[in-house]
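Everything below concerns the one structure shown next.
2 protein chains.
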Amino acid sequence: MKKLKNGWVQGSAQEFLELSDADMAYIETKRALAACLREQRVKRHLTQTELATRLETSQSRVAKMESGDRTVSIDLLLQSLYRIGTKRRQLFALL
Amino acid sequence: MKKLKNGWVQGSAQEFLELSDADMAYIETKRALAACLREQRVKRHLTQTELATRLETSQSRVAKMESGDRTVSIDLLLQSLYRIGTKRRQLFALL
DNA sequence: TGACGTTATACCAGTTCTGACATATCTTCC
DNA sequence: GGAAGATATGTCAGAACTGGTATAACGTCA
Chain A
613 MKKLKNGWVQ GSAQEFLELS DADMAYIETK RALAACLREQ RVKRHLTQTE LATRLETSQS
673 RVAKMESGDR TVSIDLLLQS LYRIGTKRRQ LFALL
Chain B
613 MKKLKNGWVQ GSAQEFLELS DADMAYIETK RALAACLREQ RVKRHLTQTE LATRLETSQS
673 RVAKMESGDR TVSIDLLLQS LYRIGTKRRQ LFALL
């Protein structure tokens with residue numbers, strides 16, 4: 613992290629938050645799965661509420677899933693994707 | 613599930629346990645990641661105890677991870693794989 | 001502007017997962 | 001058989017996740 617004369621510092625978010633490569637990989641995986649879920653939903657012209665009904669959960673949780681919220685696990689994302697018919701070979705590239 | 617004259621029935625484990633395709637996909641994903649973890653460990657000539665130390669966890673949890681135990685999440689498996697240097701690209705070779 | 005449909009955020013009780021420890025079951029030697 | 005190293009299984013308190021509910025914020029159209 614490089615210090616500049618004006619008092620600010622220069623560096624990546626990864627450096628600032630002191631995230632390891634493993635942390636980054638995990639976060640990026642989650643982000644990709646979350647994006648995939650939204651993509652699938654939009655492609656089917658469903659609202660979060662409608663998708664929530666099919667997944668037997670709530671709209672708020674769908675919103676959190678799609679935003680890769682801290683309180684959402686990759687397990688939940690994967691299971692949700694599988695339940696709406698996503699195939700494994702479509703996903704492993706995202707892992 | 614087909615019933616036989618001798619009283620037994622014929623059918624897959626999936627049918628017997630009434631698992632959905634989504635359940636199956638999830639279980640299979642977990643199994644693949646678990647196998648990958650073991651493979652990586654063995655390739656490096658590490659014992660479960662040694663790997664546990666590197667992952668800052670216990671030997672018993674490593675054993676559970678490698679066996680795809682019910683009490684182990686895909687999150688834990690993925691994070692563990694990333695922490696020992698597995699790249700995301702390597703994971704889609706699992707299919 | 002306000003009503004309405006959609007998405008985002010906050011909170012919490014119940015469930016599940018995690019790490020740690022103890023113990024049991026292999027495996028491979030002698 | 002018995003010892004020693006490795007792996008598997010059981011249990012449990014504390015942490016993290018999940019679903020539900022409430023509510024806030026956003027977008028759009030009359």
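The listed protein sequences derive, respectively, from chains A and B. Going by my numbering, the first sequence wraps up at 707, each residue one higher than the last. Going by my numbering, the second sequence wraps up at 707, each residue one higher than the last. Even glycine gets a Cβ: it sits at the ideal position worked out from N, Cα and C.
- Close partners of ASP687/B in chain A (Cβ separation under 7 Å): SER685, ILE686, ASP687.
- Contacts with chain B at 8 Å (Cβ-Cβ) do not include LEU645/A.
- Here the alpha carbon of MET636/B sits roughly 15 Å from the alpha carbon of LEU689/A.
- Close to GLU668/B, with beta-carbon spacing below 7 Å, lies no residue of chain A; the smallest spacing is near 12 Å.
- DSSP places LEU667/A in the coil class of the three-state scheme, outside both helix and strand.
- Your pair LEU663/B and ARG673/B does not check out as a contact, with CB atoms roughly 10 Å apart and the cut at 8 Å.
- ALA705/B counts as exposed, since fewer than 16 other C-beta atoms from the protein chains shown sit within 10 angstroms of its C-beta.
- Listed by position along chain B, the residues whose Cβ is nearer than 7 Å to that of GLN691/A are ALA634, TYR638.
- In terms of beta-carbon proximity, ALA705/A lines the interface with chain B, with at least one pair separated by less than 8 Å.
- One finds LEU690, ARG700 in chain B with Cβ atoms closer than 7 Å to the Cβ of THR641/A, taken in chain order.
- Membership of LYS642/B in the alpha helix (DSSP H) is indicated by the continuous run 633 to 655.
- A Cβ of chain B is located within less than 8 Å of the beta carbon of ARG695/A.
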